[in-house]
Amino acid sequence: MLLLILSGLLLAATSIGPAFGFITGSIMLRFYVDFDKLSKGNIDLTPKDLRWVGAWWLGFLVASCLIFITALPYFFFPRNMPDQEDTDDVELRPDCVKKQTDPIQELSLLQFLKSFPQVALQMMRTPVYLLVILAQVNQAALLAGLATFMAKFIERQFSQTVSLSTMMIGGVCIPVAVLGTILGGVVMRRLNLSVSGASKLCTGAVLVCLFSSLPLLLLGCSTQKVDGVFPLGSGSPSCSAGCHCPQGAFNPVCGSNGVEFRSPCHAGCSSIEFDASGKPKNYTDCRCVDGLGFASAGTCGSGCSHLLLPFMVLLAITSFVASFSQTPSFMMILRTVPAEYKSLAVGVQYMMFRLLAFLPGPVLYGSVIDTTCILWGRKCGKQTSCLYYNLDKFRQRFLGLMAVFVGGALLSFLLTIVVLRRREKALQPHCKGKYELVNGNQKTTEKDSSEEKELKT
Numbered sequence: 001m002l003l004l005i006l007s008g009l010l011l012a013a014t015s016i017g018p019a020f021g022f023i024t025g026s027i028m029l030r031f032y033v034d035f036d037k038l039s040k041g042n043i044d045l046t047p048k049d050l051r052w053v054g055a056w057w058l059g060f061l062v063a064s065c066l067i068f069i070t071a072l073p074y075f076f077f078p079r080n081m082p083d084q085e086d087t088d089d090v091e092l093r094p095d096c097v098k099k100q101t102d103p104i105q106e107l108s109l110l111q112f113l114k115s116f117p118q119v120a121l122q123m124m125r126t127p128v129y130l131l132v133i134l135a136q137v138n139q140a141a142l143l144a145g146l147a148t149f150m151a152k153f154i155e156r157q158f159s160q161t162v163s164l165s166t167m168m169i170g171g172v173c174i175p176v177a178v179l180g181t182i183l184g185g186v187v188m189r190r191l192n193l194s195v196s197g198a199s200k201l202c203t204g205a206v207l208v209c210l211f212s213s214l215p216l217l218l219l220g221c222s223t224q225k226v227d228g229v230f231p232l233g234s235g236s237p238s239c240s241a242g243c244h245c246p247q248g249a250f251n252p253v254c255g256s257n258g259v260e261f262r263s264p265c266h267a268g269c270s271s272i273e274f275d276a277s278g279k280p281k282n283y284t285d286c287r288c289v290d291g292l293g294f295a296s297a298g299t300c301g302s303g304c305s306h307l308l309l310p311f312m313v314l315l316a317i318t319s320f321v322a323s324f325s326q327t328p329s330f331m332m333i334l335r336t337v338p339a340e341y342k343s344l345a346v347g348v349q350y351m352m353f354r355l356l357a358f359l360p361g362p363v364l365y366g367s368v369i370d371t372t373c374i375l376w377g378r379k380c381g382k383q384t385s386c387l388y389y390n391l392d393k394f395r396q397r398f399l400g401l402m403a404v405f406v407g408g409a410l411l412s413f414l415l416t417i418v419v420l421r422r423r424e425k426a427l428q429p430h431c432k433g434k435y436e437l438v439n440g441n442q443k444t445t446e447k448d449s450s451e452e453k454e455l456k457t
């Protein structure tokens, strides 16, 4: 049972690194990318400006130094590990001797590489193992999207800075996910759950995660009105026709009438006012702006930042419940394969994570987000980054894709319950008692007998 707690702590510890990375990245992004080359007075942009590029490279510098420091203790390890002769005088228990004669350990590297496809295929043909892997792949794809694009989503949807958006992911979502992972192991230990019980726990957690994520689709902002961009066909280009505005100009300003323009030129402004520090404050005599005819530097914003707090609360609940199934599902994998193949099963599990979730996941999310772009930037005749998104479509498609992955995990866990029930029913005509899947075998226990029988699945 201690293994459950240790597994939960181990899985939770793997999330501490990303949390530290997000928080550190949030601090680094407050500095301009070229702050080492430009003085503070020469930087006219602020972190709230869409054109702001933070010092992303500082994070790599800090991480490299930390990796170097943590690698130093390895230099003090012995050149060679103790040989078999050094342990000959130690009396070995029978179970220890059995572990030393596992077929995987006896194989040479070449023999292992030759047998790996066959062994991996054999494990993938185990229904419970395969279904749990598929469920975890869906959850990993969900994590890949959240880690890669959630900060961008918060920035665009609620008009927040990149630094604050990143801090919210690292300071809120990941810590509650760590807590959920640990508590998942504690609950499984306290209830002494079997494989069947663990599958039900995972199904319940993912089901709650699905229901808690659906309201997120309703918490967001609509796209602000941008002259000539959104709504499509809006604006009057004739008012700025004589300005000969560059096609790729992007210096957003907010008109006094609440309409955003791509640049002061597109707003038809001919004069400018500066603040005490010499930075642009207002653009005046704007022919395309009704009313007072001036525009302020910066975007108009989405105007619904008050929805950020309930959004983050629901997102934290979703992260907590989703991570609650991590430890139980990990233990299901260890209990559904033979003892000699446990380490290999975990290796195949992480290989599937990389191949089916962490590699294609961000690409898929990025492609979906690109379909919501309504204005692309252009430089030297080539398409660059997206300047404006349709925020309603952004929210629906991004969060909708996350809900699809949650649904995939839920379906996989439900099928796991079905497979386990059919397996128990198939054994009932032959055996009486309670059934539990242990190391790929069905374990039968009689209430009135002290003998235990194991039936291969």
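In the UniProt record's numbering, the protein residues as written are 1 to 457. Cβ coordinates follow ideal geometry from the N, Cα and C atoms, glycine included.
According to the Cβ coordinates, are residue i and residue j closer than 7 Å?
i, j, result
"residue 459", "SER412", "Residue 459 falls outside the range modelled here, since the chain spans only 1 to 457, and no answer is possible."
"PRO328", "ALA140", "no"
"TYR365", "PHE149", "yes"
"VAL128", "VAL419", "yes"
"LEU219", "PHE311", "yes"
"SER305", "SER159", "yes"
"LEU217", "LEU401", "no"
"CYS173", "GLN224", "no"
"ASN58", "TRP52", "Going by the sequence as given, residue 58 is Leu instead of Asn. The answer is no: Cβ separation not under 7 Å."
"THR166", "LEU414", "no"
"CYS221", "GLY268", "no"
"LYS379", "GLY248", "yes"
"LEU131", "THR416", "yes"
"SER270", "ASP285", "yes"
"CYS265", "VAL406", "no"
"GLN157", "LEU375", "no"
How big is the Cα-Cα spacing for residue i and residue j?
i, j, result
"CYS373", "VAL289", "25 Å"
"PHE261", "PHE60", "36 Å"
"ILE69", "ALA19", "19 Å"
"PRO360", "ARG287", "48 Å"
"ALA205", "GLY408", "13 Å"
"CYS254", "LEU309", "25 Å"
"VAL226", "PRO362", "29 Å"
"PHE75", "ALA63", "20 Å"
"TYR283", "PHE35", "27 Å"
"ASP49", "GLY258", "17 Å"
"SER263", "PHE250", "6 Å"
"LEU142", "THR126", "25 Å"
"ARG190", "SER302", "47 Å"
"THR14", "GLN136", "15 Å"
"PRO246", "GLY377", "12 Å"
"ALA357", "GLY171", "24 Å"
"ASN138", "VAL186", "24 Å"
"LEU314", "LEU29", "26 Å"
"ILE333", "LEU387", "45 Å"
"ARG354", "ILE169", "22 Å"
"SER325", "THR181", "7 Å"
"TYR32", "GLU273", "25 Å"
"ALA345", "SER115", "14 Å"
"LYS425", "ALA151", "48 Å"
"ILE43", "GLY17", "32 Å"
"PHE22", "PRO47", "17 Å"
"GLY145", "ARG422", "35 Å"
With DSSP as the reference, please indicate the residues paired to residue i in a beta bridge.
i, result
"GLU273", "ASN282"
"GLN122", "Looking at the DSSP assignment, GLN122 forms no beta bridge with any residue, so it has no partner."
"LEU61", "Partner(s): none; LEU61 has no beta bridge."
"GLY54", "TYR32"
"PHE20", "Note: PHE20 sits in no beta bridge, so no partner."
"GLY258", "None, per the DSSP bridge assignment."
"VAL253", "PHE261, ALA297"
Tell me whether residue i is buried or exposed, calling it buried when 16 or more other Cβ atoms sit within 10 Å of its Cβ.
i, result
"ARG79", "exposed"
"LYS123", "Residue 123 is actually Met in this sequence, not Lys. Answer is buried; the Cβ neighbour count reaches 16."
"SER323", "buried"
"THR371", "exposed"
"SER194", "buried"
"TYR350", "exposed"
"PHE211", "exposed"
"LYS447", "Its pLDDT being 39, under 50, LYS447 is placed unreliably by the model, and nothing is read from it."
"VAL162", "buried"
"ALA147", "buried"
"ARG395", "buried"
"GLN118", "exposed"
Given the structure, does residue i come close to the ligand NAD, in the sense that its CB is under 6 Å from one of the ligand's heavy atoms?
i, result
"PHE294", "Ligands displayed in this structure: none; no statement on the ligand NAD is therefore possible."
Using beta carbons (cut-off 7 Å, strictly below), is residue i in contact with chain D?
i, result
"MET168", "Absent here is chain D; the protein component of the structure consists of one chain."
Next on the checklist: Quick check on the DSSP output: what are the complete alpha helix (DSSP H) runs of length 4 or more inside the region 285-368, in order along the chain?
Outcome noted: The alpha helix (DSSP H) runs lying completely inside the region 285-368 and spanning 4 residues or more are 308-323, 326-335, 342-353, given in chain order.
Item to check | Ordered list of alpha helix (DSSP H) runs contained in the region 155-237, each at least 4 residues | outcome: Fully enclosed alpha helix (DSSP H) runs of 4 or longer: 162-168, 174-191, 195-213.
Item to check | Uninterrupted alpha helix (DSSP H) stretches inside the region 368-428 (no shorter than 4 residues) | outcome: Taking 4 residues as the minimum length, the alpha helix (DSSP H) runs contained wholly in the region 368-428 are 391-427, in order along the chain.
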